[in-house]
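Participant: Quick note: the sequence shown uses this note's numbering, first residue 3, plus one each step.
Handing you a structure now.
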Amino acid sequence: MTPIPRWSSRMSMKDPLLDAQHIELLEMSRSIQSDLKWRDTQNWAFRQRLDEFVFLLREHDIAETKVLHQRGQDLSHDVQSLRALALKAIEKLSHDTQAEKLDPIMTQRVLLGWIQYHF
């Protein structure tokens, strides 16, 4: 599996809240990735963690968009669309865990997708 990157100062938004959220989201991604590799993804704790990840990512996108707008650094329509698609893919993944066992490779691609369009 492709490793989830670790946060570094090069990723900093120069905003303590956004940086803290980035760190938390990356750590959660690593935890989900570890579960995919080593644990049963059908258990309640995994599904709860994935649901929490979706919630935090949604809230983070709103906060980050607001900060960027205040700085006059609005995201392009294309970037906004790609980020929205990545979030929808994660939301679908979270919904699908309720009904079926996850494909670890596909799940990893979805997790890496939000990272690709976010950083």
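Positions of the beta carbon are idealized from the N, C-alpha and C atoms, including for glycine.
Could you tell me how far apart the beta carbons of Asp76 and Leu70 are, in whole angstroms, since I believe they sit closer than 8 Å?
Facilitator: 6 Å
Participant: Going by Cα to Cα distance, which pick from Gln50, Val112, Arg73 and Asp37 is closest to Leu87?
Facilitator: When only C-alpha atoms are compared, the closest one is Val112.
Participant: Here's a check: name, in chain order, each residue in its chain whose Cβ is nearer than 8 Å to the Cβ of Ile25, leaving out the five neighbours to either side.
Facilitator: Trp9
Participant: Given this structure, state the Cα-to-Cα distance separating Val56 from Arg49, to the nearest angstrom.
Facilitator: 11 Å
Participant: Taking only runs that begin and end inside the stretch 34-104, name each unbroken alpha helix (DSSP H) of 4 or more residues, in chain order.
Facilitator: 46-72 and 79-98
Participant: Where does Trp116 land, buried or exposed, given buried means 16+ other C-beta within 10 angstroms?
Facilitator: buried
Participant: Please check the pair Phe121 and Met13, which I expect to be a contact at CB under 8 Å, by giving their CB distance rounded to whole angstroms.
Facilitator: 6 Å
Participant: In angstroms, rounded to a whole number, what distance separates the CA positions of Gln82 and Asp105?
Facilitator: 27 Å
Participant: Can you give me the Cβ contacts of Glu66 inside the same chain, cut-off strictly under 6 Å, excluding the 5 residues immediately before and after it?
Facilitator: So the list reads Leu20, once near-sequence residues are dropped.
Participant: Taking the straight line between their C-alpha atoms, what separation do you get for Gly74 and Asn45?
Facilitator: 44 Å
Participant: So the alpha helix (DSSP H) Pro106 belongs to, where does it begin and stop?
Facilitator: Pro106 to His120
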